[in-house]
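With this note's numbering applied, the sequence shown corresponds to residues 7 to 197, in that order.
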Amino acid sequence: MRKLLFIFIAIFGLFNSSSAETIRITSGKENAKITIIAYESLTCSHCADFHKKIYPQLKKDFIDPGLVKIEFRHFPLDAAAFNASKIAQCNQLQSLEILESLYANQQEWVKGKTVIELNENLKKFINKEGYKIDFEKCINDKKIEDFVLNDRVEGAKKYKVNSTPTIIINNKKFDKSLNYKNLKKSLEKLI
Numbered sequence: 007m008r009k010l011l012f013i014f015i016a017i018f019g020l021f022n023s024s025s026a027e028t029i030r031i032t033s034g035k036e037n038a039k040i041t042i043i044a045y046e047s048l049t050c051s052h053c054a055d056f057h058k059k060i061y062p063q064l065k066k067d068f069i070d071p072g073l074v075k076i077e078f079r080h081f082p083l084d085a086a087a088f089n090a091s092k093i094a095q096c097n098q099l100q101s102l103e104i105l106e107s108l109y110a111n112q113q114e115w116v117k118g119k120t121v122i123e124l125n126e127n128l129k130k131f132i133n134k135e136g137y138k139i140d141f142e143k144c145i146n147d148k149k150i151e152d153f154v155l156n157d158r159v160e161g162a163k164k165y166k167v168n169s170t171p172t173i174i175i176n177n178k179k180f181d182k183s184l185n186y187k188n189l190k191k192s193l194e195k196l197i
């Protein structure tokens, strides 16, 4: 399954040059001095850890004061992450909230032996959380699908992303061990 997704993405990257009208999931002021791009996969446990252990402190110390803006970009590692990314992008008014909920409750919906089972668990979770989403429409929305895949292709081409999470700070790849202490030191040097 993963191999098929990568082949599809490779082919997609060669033939698709259109950009969807979808808005990036961000947190922080648009004009912040520092921009962090976080390439993530919604089924990645390390990405979930980033959202649980690093992002709250980053938000408190750097994002809320207006020093940093973070863009969450999609880099799905499997079909379940790909579909979850489409769901997170689908409701533009709640995208960040949905993304955070998917990471916070990853173990609840990332289960199943087939894509059909994974989608059913994802759908049940979204409904249980009360998000107003037409699940089937979101999963099959070509613009959102293109947007998610373009994120992945751009990450691989422009920043040589090959794993998640990958953090880019002001267009430079963060190459230290990803913990709050290291991230804070790097950000403080840029302020």
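Virtual Cβ for every residue (Gly too), placed ideally from N, Cα, C. Keep in mind that this is a model prediction, so the values were computed, not measured.
Of the residues assessed, Q112 falls on the buried side of the cut-off, its CB having 16 or more other CB atoms within 10 angstroms. Proximity of the segment 100–120 to the segment 66–73 falls short of the contact definition, fewer than three beta-carbon pairs being nearer than 8 Å. Assignment of beta strand (DSSP E) within the segment 110–182, counting only whole runs of 3 or more residues, yields 172–175 in chain order. Contact between K58 and A90 is absent: CB atoms are separated by about 17 Å, not below the 8 Å threshold. A Cβ-Cβ separation of about 41 Å leaves D147 out of contact with K195 under the 8 Å criterion.
Exclusion of the five residues before and after K191 leaves no residue of its chain whose Cβ lies closer than 7 Å to its Cβ. At the C-beta level, Y165 and I43 come within 9 Å of one another. For R30, the closest alpha carbon among the candidates V121, K143, D152 is that of D152. With contact defined as three or more Cβ pairs closer than 8 Å, the segment 162–179 and the segment 40–55 are in contact. The Cβ neighbour count for S33, taken over all protein chains shown within 10 Å, is at least 16; the residue is labelled buried.
D157 sits away from H52, with the two beta carbons spaced by 9 Å or more. Rounded to whole angstroms, the gap between the alpha carbons of L64 and E77 is 13 Å.
Membership of E77 in the beta strand (DSSP E) is indicated by the continuous run 74–80.
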